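Just so we're aligned: 25 in full-length UniProt numbering is position 25 of the sequence shown, and the numbers increase by one with no gaps anywhere.
To start, the structure under review is shown below, and the notes come after it.
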Amino acid sequence: MSMNDPLGDMLTRIRNAQMRGKSTVRTPASKLRAWVLDVLKAEGYIRGYEEVTTEAGHAELEIGLKYHDGSPVIRELSRVSKPGRRVYAGAREIPQVRQGLGVSIVSTPKGVMSDAAARNANVGGEVLCTVF
1 MSMNDPLGDM LTRIRNAQMR GKSTVRTPAS KLRAWVLDVL KAEGYIRGYE EVTTEAGHAE
61 LEIGLKYHDG SPVIRELSRV SKPGRRVYAG AREIPQVRQG LGVSIVSTPK GVMSDAAARN
121 ANVGGEVLCT VF
């Protein structure tokens, strides 16, 4: 997979690590990735994350994955907006995930936030991904 889509890469790493039952997974650090992780943590989908530095001196984010009764808390993590096909939604059109059981993560002018927060702030933006 090419690194044209760093966020998609991170989501794939999380999915792969969960399939293997890993407790943590690392991804190269970036502001966007950290902002998305902030929402995942606030919504209770991950334990948290911290910035670590590799031997080569690169900054990485180490993500603490969360399990409930042995199965991953994140059941589904999908990229919505892609480099080749950006998906934007106004505050009123932001999709609800599984009747509100899941969360859309939206990049808005007021920052990266959950669909509920974006609706409350009455801002739309790029729908980055959905999690359930």
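For glycine and all other residues, C-beta sits at the position ideal for the given N, C-alpha and C.
In this text the structure is predicted, and so the values were computed from the model without any measurement.
- Within the DSSP bridge table, the entry for Arg85 names Lys82 as partners.
- Looking at the DSSP output, Met113 shares a beta bridge with Val106.
- In the structure shown, Leu128 falls within a strand segment according to DSSP collapsed to helix, strand and coil.
- Under the 8 Å Cβ criterion, the stretch 91-103 does not count as touching the stretch 18-37, having fewer than three qualifying pairs.
- Taking Lys22 as the centre and dropping the five residues before and after it, the same chain places the C-beta of Leu65 closer than 7 Å to its C-beta, in chain order.
- By the C-beta criterion, the stretch 110-124 is judged not to be in contact with the stretch 57-77, since fewer than 3 inter-stretch pairs fall below 8 Å.
- DSSP, reduced to helix, strand and coil, places Leu32 within a helical segment of the structure shown.
- With 16 or more other Cβ atoms inside 10 Å of its own Cβ, Leu11 counts as buried.
- In the DSSP assignment, Gly64 falls within the beta strand (DSSP E) that extends over Ala59 to Leu65.
- In this structure, the CA atom of Ala56 is about 30 Å from the CA atom of Val112.
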